[in-house]
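There are 2 protein chains.
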Amino acid sequence: MTQPTEKVTLADVARLAGVGVGTASRALSGSAKVAPETRAKVLEVADRLHYVVSPDAASLASGRTGRVALVVPHLSRWFFGEVSEGIHAALRDADLDLLLYPVGAVRDRHAFFERLPARRKVDAVIVVAFPVDEDERRRLELMGVHIVAAGGQSAAYPFVRIDDYAAGRQAVDHLTFLGHRRIAMLEARDPDQPDLKPPRSDAYYAALAENGIEVDPDLVVVSDWGGEEGARAMSRLLSLRHPPTAVYAHSDEVALGAVRTIRRAGLEIPRDISVVGIDDHPLAALTDLTTVRQPAFEQGVRAAEMLLGLLAGAPDVDQSVTLPTELVVRGSTAPPRR
Amino acid sequence: MTQPTEKVTLADVARLAGVGVGTASRALSGSAKVAPETRAKVLEVADRLHYVVSPDAASLASGRTGRVALVVPHLSRWFFGEVSEGIHAALRDADLDLLLYPVGAVRDRHAFFERLPARRKVDAVIVVAFPVDEDERRRLELMGVHIVAAGGQSAAYPFVRIDDYAAGRQAVDHLTFLGHRRIAMLEARDPDQPDLKPPRSDAYYAALAENGIEVDPDLVVVSDWGGEEGARAMSRLLSLRHPPTAVYAHSDEVALGAVRTIRRAGLEIPRDISVVGIDDHPLAALTDLTTVRQPAFEQGVRAAEMLLGLLAGAPDVDQSVTLPTELVVRGSTAPPRR
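Read top to bottom, the protein sequences are chains A and B.
Position one of the first sequence corresponds to residue 0 (numbering that gives the first Met the number 0), numbered consecutively onward.
Position one of the second sequence corresponds to residue 0 (numbering that gives the first Met the number 0), numbered consecutively onward.
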């Protein structure tokens, strides 16, 4: 690769842009004190001259890195990708860069926090839908690194979430309203806290109790978050002497796995078995799946906005935001056959 | 937030770790010249003391930023998320950080390259499945910034891709082999180059010609890459006096949209109409869709490995890698009804 042949200085850029060196420097560092037109002119000149400013030198002077860490378990799953896009959309105009840390396995999540403190690379961390333990949080605090959670909650740092209990109730109440009494649950556990009973499960037990329906433990199958796991869990339900007339799945991907198993068994949805999920994954609309919609992109946007408030030292940053969910009735649910 | 109350120096870290200051510095900067055990010890001490090293200061000395830009159109779509995870998997042990730039709209892609040159933030750029024009590429070169493409091809910089023509042939040849002659195509165009006829379309025309099937222009509908677009395009096909007996879609998401429209019309798949896609999206397995599998994660891994070679100055870095695709027959294709 070739390198620039002559050294262009900041003074050259300033002179050609018709501004002072201080203004040119502030324009290149993205300071808000420079008028947009001035900034555009300076950037245009810098660009034309192939002037290379070191943002690292600039940030060392300000004590800020200008970077935010996005720590996200599974980029290739819809929810995480959508939240990440929302975060980026809210940060892009703030001239902050996003450092990406995919942390698929639980041990990767802890490794991220273990390695971070020795290398202050970011001003803030956004974690997507997994919990940070108290020790990890305190280390960030000691370094002056802010933390916000998108999709999840914590007593110790600000978060944006949905009300998982309410979402679960919207799904199960829909099934009981239709007249179902033999309702199965495909329960997805938090891989970080497998012993914790999820609020989406609490909703199931509460809805059944309120409707005087006794819980049949055979109808509750613990699955993982993927579609193949949902398909396997549904097979277990179809092996029962009295299979359910309706299935409540903790996510759309799990629900779509169940749908495949039901169809392979030659049964019709919703005539023989109703299915409802949670998410409103784009493919839920394509597969006509009834579900409870959660705003994933919006959770990312709101979390990033809270972070911008923290970085700006705003006094009134929300500590928690809960976004609403809503039932979306499609073709996978109906009253049970008489 | 509280701040560390006493200032820990690099000398403190070195003393407690039992190494020289130079070794401690190299260990903290991730130099390969330090033995893993030594590095682990230094990191452990630095961590315990809450020592905060500025990686920016270290990188200014070496002239490298230690960062790679990942420029990706749609994080929330499976292919892009999967490629991104592959890239991260290959870079994680190289101690390089990934700066994330989602660039959904075409103008965002150009804006990324326009803004980059004034601020050298990265040593290299990986673009996922979109073309970089010659002017943009040359600006990167002038700055000494490497570029590699994952999913896509270029004469000007190294790339990893699949053979889109071959993938299309696998899909259409499967339909002609089954005996279909009235085969429709849901054609997804590259949003950056809408006038370019895609290789996946060339495959369609070539396969029909080889089988002596005349092209019916009514059977080719240009759609976009999403499922809803596929659903709408399929509606157009069903409004024909003689609808097709088989549909070839340029992606699984487009194919799944077509599947919904076909089912809503009361038709059965594959009895009335066969459908084949390209990708092997995880939901293709769940919805029993016949498709052509492309290795998305692997494209990311290979692109990142090429990048590591370029950064290390290796003399024998591949300029192009083409990964194989394969037909995956599931339940959405069958011979036409007699």
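Yeah, the Cβ is synthetic: ideal placement off N, Cα and C, and Gly gets one too.
Annotation: glycine 276/B is outside any alpha helix (DSSP H); the continuous beta strand (DSSP E) that includes it extends over 273-278.
The distance from the Cβ of alanine 205/A to that of threonine 175/A is about 11 Å, inconsistent with a contact at the 8 Å cut-off. As a beta-bridge residue in DSSP terms, arginine 160/A pairs with Thr321/A. For glutamate 297/A, the enclosing alpha helix (DSSP H) stretches over residues 295-310.
Glycine 225/B has its alpha-carbon roughly 10 Å from the corresponding atom of arginine 231/B. The shortest CA-to-CA distance from threonine 244/A to any of Gly103/A, Ile182/A, Gly143/A is the one to Ile182/A.
Contact of serine 250/B with chain A is not assigned, every C-beta pair being separated by 8 Å or more. Interface criterion met: the Cβ of alanine 230/A is under 8 Å from a Cβ in chain B. Alanine 110/A and aspartate 191/A have their C-alpha atoms roughly 14 Å apart.
Close to chain A, meaning a Cβ-Cβ distance shorter than 9 Å, are the following residues of the region 211-236 of chain B: Gly225, Gly226, Glu227, Gly229, Ala230.
Contact of threonine 321/B with chain A is not assigned, every C-beta pair being separated by 8 Å or more.
In the pairwise beta carbon analysis, the region 70-85 of chain A is classified as not touching the region 34-43 of chain A: fewer than three pairs are separated by under 8 Å. Using a C-beta cut-off of 8 Å, the region 296-303 of chain A makes no contact with the region 246-265 of chain A, since fewer than three inter-stretch Cβ pairs fall below that distance. In this structure, DSSP gives leucine 177/B a state outside helix and strand, which the three-state scheme calls coil. The C-alpha of leucine 90/A lies about 8 Å from the C-alpha of aspartate 96/A. In the displayed model, glutamate 267/A falls within coil according to three-state DSSP, outside both helix and strand. Taking one beta carbon from each stretch, the region 211-225 of chain B and the region 233-242 of chain B have 3 or more pairs nearer than 8 Å; the two touch.
Across the structure, glycine 265/A and isoleucine 272/A are spaced so that their CA atoms are roughly 11 Å apart. Put simply, the backbone Cα of alanine 283/A is about 16 Å away from that of leucine 288/B. Neighbours of glycine 256/A in chain B, taken as residues whose beta carbon is under 7 Å from its own, are Leu285 in chain order.
Taking C-alpha positions only, glycine 65/A is separated from aspartate 317/A by approximately 22 Å. By the beta-carbon neighbour count (other beta carbons within 10 angstroms, threshold 16), valine 20/B is exposed. Glutamate 209/A sits in a helix when the DSSP states are folded into three classes.
One alpha carbon belongs to proline 334/A, the other to valine 274/A, and they sit about 11 Å apart.
Per DSSP, methionine 184/B is one residue of the beta strand (DSSP E) stretching across 182-187. Threonine 64/B is not bridged by DSSP to any residue. Of the candidates Gln293/A, Arg38/A, Gly151/A, Asp279/A, Arg38/A places its Cα closest to the Cα of alanine 26/A. For serine 273/B, none of the residues of chain A pass the 9 Å Cβ criterion, the least Cβ distance being about 17 Å. With 16 or more other CB atoms across the displayed protein chains lying within 10 angstroms of its CB, glycine 80/B is buried.
Neighbourhood of arginine 181/B in chain A, by CB distance below 8 Å: empty, with the nearest CB roughly 24 Å away. Contact check for valine 253/B and leucine 185/B: beta-carbon distance about 5 Å, within the 8 Å limit, so the pair qualifies.
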